[in-house]
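Reviewing the structure listed below.
Protein chains: 2
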Amino acid sequence: MHFMNKKITAQSKDFSQWYLDLIYASQLVDHAPTKGCMIIRPLGYALWEGIQKELDAQIKDLDVQNCYFPLLIPEEFLKKEADHIEGFAPELAIVTHAGGKKLEENYVIRPTSETMVYHMFSKWINSWRDLPLKVNQWANVVRWEMRTRPFLRTTEFLWQEGHTAHQSKEEALEMTLDALEMYKNLCHDVMAIPVITGRKSDAEKFPGAEMTYTFEAIMPDGKALQMGTSHLLNQSFPKSFDVSFQNKENKPETPWCTSWGTTTRLIGALVMTHSDDKGLILPPRMAPTQVVIIPVGPESKRAEVLIYAETLKAELFNKNIRVSIDNRPLSPGAKFYDAELKGTPFRIEIGPQEVANEILVLKSRIQDEKQKINRDSIGSFLQDKLISFQNELFDRASNKQKSLIKKVSSWNEFKNSLEKGFAITSGWCLSPECEQELKKLKAFTRCLLESNENKICFFCKNSSKKDVLIAKSY
Amino acid sequence: MHFMNKKITAQSKDFSQWYLDLIYASQLVDHAPTKGCMIIRPLGYALWEGIQKELDAQIKDLDVQNCYFPLLIPEEFLKKEADHIEGFAPELAIVTHAGGKKLEENYVIRPTSETMVYHMFSKWINSWRDLPLKVNQWANVVRWEMRTRPFLRTTEFLWQEGHTAHQSKEEALEMTLDALEMYKNLCHDVMAIPVITGRKSDAEKFPGAEMTYTFEAIMPDGKALQMGTSHLLNQSFPKSFDVSFQNKENKPETPWCTSWGTTTRLIGALVMTHSDDKGLILPPRMAPTQVVIIPVGPESKRAEVLIYAETLKAELFNKNIRVSIDNRPLSPGAKFYDAELKGTPFRIEIGPQEVANEILVLKSRIQDEKQKINRDSIGSFLQDKLISFQNELFDRASNKQKSLIKKVSSWNEFKNSLEKGFAITSGWCLSPECEQELKKLKAFTRCLLESNENKICFFCKNSSKKDVLIAKSY
Numbered sequence: 001m002h003f004m005n006k007k008i009t010a011q012s013k014d015f016s017q018w019y020l021d022l023i024y025a026s027q028l029v030d031h032a033p034t035k036g037c038m039i040i041r042p043l044g045y046a047l048w049e050g051i052q053k054e055l056d057a058q059i060k061d062l063d064v065q066n067c068y069f070p071l072l073i074p075e076e077f078l079k080k081e082a083d084h085i086e087g088f089a090p091e092l093a094i095v096t097h098a099g100g101k102k103l104e105e106n107y108v109i110r111p112t113s114e115t116m117v118y119h120m121f122s123k124w125i126n127s128w129r130d131l132p133l134k135v136n137q138w139a140n141v142v143r144w145e146m147r148t149r150p151f152l153r154t155t156e157f158l159w160q161e162g163h164t165a166h167q168s169k170e171e172a173l174e175m176t177l178d179a180l181e182m183y184k185n186l187c188h189d190v191m192a193i194p195v196i197t198g199r200k201s202d203a204e205k206f207p208g209a210e211m212t213y214t215f216e217a218i219m220p221d222g223k224a225l226q227m228g229t230s231h232l233l234n235q236s237f238p239k240s241f242d243v244s245f246q247n248k249e250n251k252p253e254t255p256w257c258t259s260w261g262t263t264t265r266l267i268g269a270l271v272m273t274h275s276d277d278k279g280l281i282l283p284p285r286m287a288p289t290q291v292v293i294i295p296v297g298p299e300s301k302r303a304e305v306l307i308y309a310e311t312l313k314a315e316l317f318n319k320n321i322r323v324s325i326d327n328r329p330l331s332p333g334a335k336f337y338d339a340e341l342k343g344t345p346f347r348i349e350i351g352p353q354e355v356a357n358e359i360l361v362l363k364s365r366i367q368d369e370k371q372k373i374n375r376d377s378i379g380s381f382l383q384d385k386l387i388s389f390q391n392e393l394f395d396r397a398s399n400k401q402k403s404l405i406k407k408v409s410s411w412n413e414f415k416n417s418l419e420k421g422f423a424i425t426s427g428w429c430l431s432p433e434c435e436q437e438l439k440k441l442k443a444f445t446r447c448l449l450e451s452n453e454n455k456i457c458f459f460c461k462n463s464s465k466k467d468v469l470i471a472k473s474y
Numbered sequence: 001m002h003f004m005n006k007k008i009t010a011q012s013k014d015f016s017q018w019y020l021d022l023i024y025a026s027q028l029v030d031h032a033p034t035k036g037c038m039i040i041r042p043l044g045y046a047l048w049e050g051i052q053k054e055l056d057a058q059i060k061d062l063d064v065q066n067c068y069f070p071l072l073i074p075e076e077f078l079k080k081e082a083d084h085i086e087g088f089a090p091e092l093a094i095v096t097h098a099g100g101k102k103l104e105e106n107y108v109i110r111p112t113s114e115t116m117v118y119h120m121f122s123k124w125i126n127s128w129r130d131l132p133l134k135v136n137q138w139a140n141v142v143r144w145e146m147r148t149r150p151f152l153r154t155t156e157f158l159w160q161e162g163h164t165a166h167q168s169k170e171e172a173l174e175m176t177l178d179a180l181e182m183y184k185n186l187c188h189d190v191m192a193i194p195v196i197t198g199r200k201s202d203a204e205k206f207p208g209a210e211m212t213y214t215f216e217a218i219m220p221d222g223k224a225l226q227m228g229t230s231h232l233l234n235q236s237f238p239k240s241f242d243v244s245f246q247n248k249e250n251k252p253e254t255p256w257c258t259s260w261g262t263t264t265r266l267i268g269a270l271v272m273t274h275s276d277d278k279g280l281i282l283p284p285r286m287a288p289t290q291v292v293i294i295p296v297g298p299e300s301k302r303a304e305v306l307i308y309a310e311t312l313k314a315e316l317f318n319k320n321i322r323v324s325i326d327n328r329p330l331s332p333g334a335k336f337y338d339a340e341l342k343g344t345p346f347r348i349e350i351g352p353q354e355v356a357n358e359i360l361v362l363k364s365r366i367q368d369e370k371q372k373i374n375r376d377s378i379g380s381f382l383q384d385k386l387i388s389f390q391n392e393l394f395d396r397a398s399n400k401q402k403s404l405i406k407k408v409s410s411w412n413e414f415k416n417s418l419e420k421g422f423a424i425t426s427g428w429c430l431s432p433e434c435e436q437e438l439k440k441l442k443a444f445t446r447c448l449l450e451s452n453e454n455k456i457c458f459f460c461k462n463s464s465k466k467d468v469l470i471a472k473s474y
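Line by line, the protein sequences are chains A and B. In terms of our numbering, the first sequence opens at residue 1 and continues consecutively. In terms of our numbering, the second sequence opens at residue 1 and continues consecutively.
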């Protein structure tokens, strides 16, 4: 009940502090005593459950089956694939003692499960008949990060990791792109976050991947947020773990494999994309509570109002609207404040007057004025309003994103725009040398675009081979 | 596709080997390269998802909210509650290095999360208005066990752990019993496993609990399986973590707390309770596939049969039956064998004859003879059959359980019955000395019963204070 005391820094004043103030004040998370970790509180976890529910159904639609692989991976496994261990070694948490003894062989806490999965694939895959093999797990992973921020980068995070094996590179690439499309749909349709999808440069790809596809959102501070990735792996992974199959001609072949994942980071993206200085703003498809009914007026009439509210709640519930009544012993003002802080899309105020006149007072989280609605028509009215609220958030975020991405015509303009907090689309000759120049500006190529509209490279001015999104990043 | 090669030891010959053969042959699990761990394969994980779905809804109905707490707990936390560290110290896995360095302070991988939860409760609980506080998490935990067996006892396992804090001991006890009732309903109604519920003796209770309630099932070998527990904790836990609240009279008070959990062990209980030498038998409410349609007859007529099967599948799907078509390139015999191995409650055989005559051949997993059913009536017929299949499994298991529990009238009879593979109900004077005698027989008091029908103690023959269930155990 201490939310009234929390001050949220204005977004315009300090974006980073606004984010931190907001996620703690709205009780999405709390500080954990474990370095770089977070406690995900009920509202934050409900958002993760919403993501899980939507994504899990889509994963199953792709004929991928959920499994569970062990948390602890023998340390030697990580060393089998050279790029992989090089990429992850600095981030590993290592178990050296267990059961009261020093272990003969250390275990690492999974930073990702490729090595464990390929160990099992080598047992499960023998013939082309065993392919495709498509598994996924919902799990926690640990990567010892130096600089952490709740949801965006934490030592432990929750995610799903899909792993598949295929007879051909073409089929594996199709899977890689299907997963990417699935993520894009989740972001657009459910989270109302517009994302830019495409390939990573060789320098930015996953350790062990032949191609990494990414979906990136531009945050209001102009930084790109990598929301997840989908990899077509190179064959050194299955080869390192002796994964092979007899093809239809009875000859041994190495399968082509993919992996793809997304994480609790999505919640950070959701918060940053839609919220304002008053608190969270949740897209209806993500909101655990879409409509909160708040009784107002004198305590003496409260019982009558609550009976009326319960009937309304039941009616909205039957229309598949997630609705609750806030009957806590707080003032209506405190409840309004709390509903805004928690990002509930709509609130309905009901007092004795509203009961008498069969009129409800409706307030949208993204409009200033209240509306009066006939009690009779509220159900279908809200159903429509929830859809238009969802669409409006996506449109708002799309417009915002467009305004945050600049096209530039010179290296000076490039540097200026980046400094002012813009992301940039530009041509690129694809040379690593030009990409290297970006590091001096703390910027990175985020993803290669399908287009090649900008004829010249952002740095060397040689002819461009592809457009690229460049930004500072989380 | 190697299931045809796997031999399953007869249950009557070697129960323990039967269990192991079955869980690997039916592809519920596979061996993991991590000591004492398992890979939960798609069918096994689907069972866990079924349990999660049912239990999660019931947990939410108890107004408990899901959260997520960190995997890694500072080692010093465990030491704050004396009984707790004494109970868990031998089983801890310890992270000593991370991020390429030796850590200044070690972390333990959570064996359970009380210490982390109470650390947070001390921040979240200030006033009686903050109570009750009820949270739950679905998570993995690690306990370094010496002797492991998939599902029944593994180094890492999946579970849910509920943690609640209340103003009074009465309210906390009510929560403890509500959780126990919830588990009992899950076992009876969904898993078709009869369980015996009651208190643990002081010797058998959770380290840090004032009272531990348990739900136990008797396996076909006469051993008891503790399927989960619900604890009313003693106040030393919140006191160790400085959890207190201002009561309504503005005086500081220590809350009464509970914790309760159940695990992937439930899957082991499910397997052992219902299955036979041919494979798994899944209760319809747990079966990922309730009905499998298997095309039979010549390949030349297969296309026609498949179209017919698809229409049937759609019809059954619309009746909320989980149905699939097995169209793999295998012989019908191999598919029958596989459906029996995987425990699918019903299979439907369709060939050209069945299509022509509008008659379907139905085979129940628990009956030997096939039935012919009119195509027209199959939907409602199956709906009824799935319910009676579920009920029959529960009745079968209840009768089996009754036959496995003996009442005895002397210590000699007691020892004989135990040796022959029975569990025992008996009177008990409640003295720890008599309980201690059981250890010599590798048996334990499993739970105190409500009744006191057996007038004398199983060992000392003094007058009994309570009946008790005694058994060897997993």
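Glycine included, C-beta positions come from ideal geometry on N, C-alpha and C.
Within-8 Å CB hit, residue i to chain A
{"i": "B:Leu62", "result": "no"}
{"i": "B:Gln65", "result": "yes"}
{"i": "B:Tyr337", "result": "no"}
{"i": "B:His119", "result": "yes"}
{"i": "B:Pro295", "result": "no"}
{"i": "B:Val271", "result": "no"}
{"i": "B:Glu54", "result": "no"}
{"i": "B:Asn416", "result": "no"}
{"i": "B:Lys342", "result": "no"}
{"i": "B:Asn250", "result": "no"}
{"i": "B:Tyr45", "result": "yes"}
{"i": "B:Lys123", "result": "yes"}
Cutoff 8 Å: residue i Cβ touching any chain B Cβ
{"i": "A:Pro387", "result": "Note that residue 387 of chain A is Ile in the sequence shown here, rather than Pro. With 8 Å as the cut-off, A:Ile387 does not count as an interface residue toward chain B."}
{"i": "A:Ala98", "result": "yes"}
{"i": "A:Trp144", "result": "yes"}
{"i": "A:Glu171", "result": "no"}
{"i": "A:Glu49", "result": "yes"}
{"i": "A:Tyr19", "result": "no"}
{"i": "A:Asn140", "result": "yes"}
Which residues DSSP lists as bridging residue i, in chain order
{"i": "A:Gly222", "result": "DSSP, once it has assigned bridges, lists no residue as partnering A:Gly222."}
{"i": "A:Ser463", "result": "A:Ile456"}
{"i": "A:Gln160", "result": "A:Trp138, A:Thr262"}
{"i": "A:Met38", "result": "A:His31"}
Residue of the options minimising C-alpha distance to residue i
{"i": "B:Arg539", "options": "B:Gln58, B:Thr148, B:Asn247", "result": "The requested residue 539 of chain B does not occur in the structure, where chain B is confined to residues 1 to 474."}
{"i": "B:Asn250", "options": "B:Ile321, B:Gln167, B:Asp21, B:Thr197", "result": "B:Gln167"}
{"i": "B:Ala192", "options": "B:Lys35, B:Gln235, B:Ala217", "result": "B:Ala217"}
{"i": "B:Ile359", "options": "B:Asp376, B:Ala172, B:Phe206", "result": "B:Asp376"}
{"i": "A:Phe77", "options": "A:Ser275, A:Ala203, A:Ile307, A:Asp242", "result": "A:Asp242"}
{"i": "A:Gly44", "options": "B:Gln246, B:Gln137, B:Lys439", "result": "B:Gln137"}
{"i": "B:His231", "options": "B:Ala172, B:Asn185, B:Pro288, B:Thr254", "result": "B:Ala172"}
>> Under 9 Å, CB to CB, which of the residues in the region 31–42 of chain A have a partner in chain B?
In response: The residues in question are His31, Ala32, Pro33, Thr34, Lys35, Cys37, Met38, Ile39, Ile40, Arg41, Pro42.
Touching by the beta-carbon criterion (3+ pairs, under 8 Å), the region 159–179 of chain A and the region 279–293 of chain A | Between the region 159–179 of chain A and the region 279–293 of chain A, the count of Cβ pairs shorter than 8 Å is below three; the stretches do not touch.
If we count Cβ pairs, one from each stretch, closer than 8 Å, do we get three or more for the region 124–138 of chain A versus the region 125–132 of chain B?
These segments do not touch.
(Q) Tell me whether the region 433–452 of chain A and the region 12–27 of chain B touch, counting them as touching only if at least three CB pairs, one residue from each stretch, are closer than 8 Å. (A) Taking 8 Å as the limit for Cβ pairs, the verdict is that the region 12–27 of chain B does not touch the region 433–452 of chain A.
Quiz item: Using Cβ-Cβ distances below 7 Å, what residues of the region 148–160 of chain B are close to chain A?
Solution: If the cut-off is 7 Å between Cβ atoms, the region 148–160 of chain B has Glu156, Leu158 near chain A.
Quiz item: Going along the region 68–98 of chain A in order, which residues come within less than 8 Å of chain B, judged by CB to CB distance?
Solution: Listed by position along the chain: Tyr68, Phe69, Pro70, Leu71, Leu72, Ile73, Pro74, Phe77, Ala89, Pro90, Glu91, Leu92, Ala93, Ile94, Val95, Thr96, His97, Ala98.
Three Cβ pairs or more, each shorter than 8 Å: is that satisfied between the region 291–307 of chain A and the region 203–215 of chain A? Between the region 291–307 of chain A and the region 203–215 of chain A, the count of C-beta pairs closer than 8 Å stays below three; the two stretches do not touch.
Select from the region 433–465 of chain A all residues with a C-beta closer than 9 Å to any C-beta belonging to chain B, and list them in chain order. Cβ contacts with chain B come from no residue of the region 433–465 of chain A.
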